[in-house]
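One structure is given here, and the rest of the page talks about it.
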Amino acid sequence: MQNIASFGTQECRSRSTVHSAICTIQGTPDKLIANLACTATSEEDVTELMQYVNDTLLPQMEQLLGIQFEVRNLQFAVAGRENLLTQPEDLDKGDASTDWLDDPFATPTLTPTQGWRPETGGKSADLSMA
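Numbering of the sequence shown is given in our numbering, commencing with residue 172 and proceeding in unit increments.
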């Protein structure tokens, strides 16, 4: 499965309209999940890229695996969208992190200002319906 996921990543990255891409496959043979995040170089390229992934790339990957994907998690974005502010110098660098684009399926980490902090005596909420 890893080789097929690498194939998907490389096929996306080889297109001139793609800025970056990553593909992973997980699950069991009876429930395979394809995760694909692809960033286009411009907004005009997104529709064509989506069509390529759905109509060509994923069917090729399924044919190589001999199994259809049960779930297709597809994410498409446009490179450079974070630079659309008229005055980028006013942007707080801490709020504009794009590190997640390098590995979009990684589990997010909490920053020091987020999450439950036991050292402050906070208690978790009981959200049960009972």
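Don't be surprised by glycine CBs; every beta carbon is placed ideally from N, CA and C.
Bear in mind that the values here come from a model prediction, so they are computed numbers and not experimental data.
Cβ distance (whole Å) where A176 is taken to contact T195 below 8 Å: 5 Å
Inter-stretch contact at 8 Å, needing at least 3 Cβ pairs: the region 185-192 / the region 229-236: no
C-alpha distance - R243 paired with T212, whole-angstrom precision: 22 Å
Cβ distance (whole Å) where L228 is taken to contact F247 below 8 Å: With a Cβ gap of about 13 Å, L228 and F247 do not count as contacting.
Buried/exposed call for G251, threshold 16 Cβ in 10 Å: exposed
Buried or exposed by the 16-neighbour rule on C-beta atoms within 10 Å, applied to D201: exposed
Cut-off 8 Å between Cβ atoms - residues of its own chain near R184, not counting five sequence neighbours on either side: S191, A192
Any beta strand (DSSP E) of 3 or more consecutive residues that is wholly inside the region 193-238: 202-211
Span of the beta strand (DSSP E), counted from its first residue to its last, around R243: 242-249
Delimiting residues of the alpha helix (DSSP H) encompassing S177: 173-184
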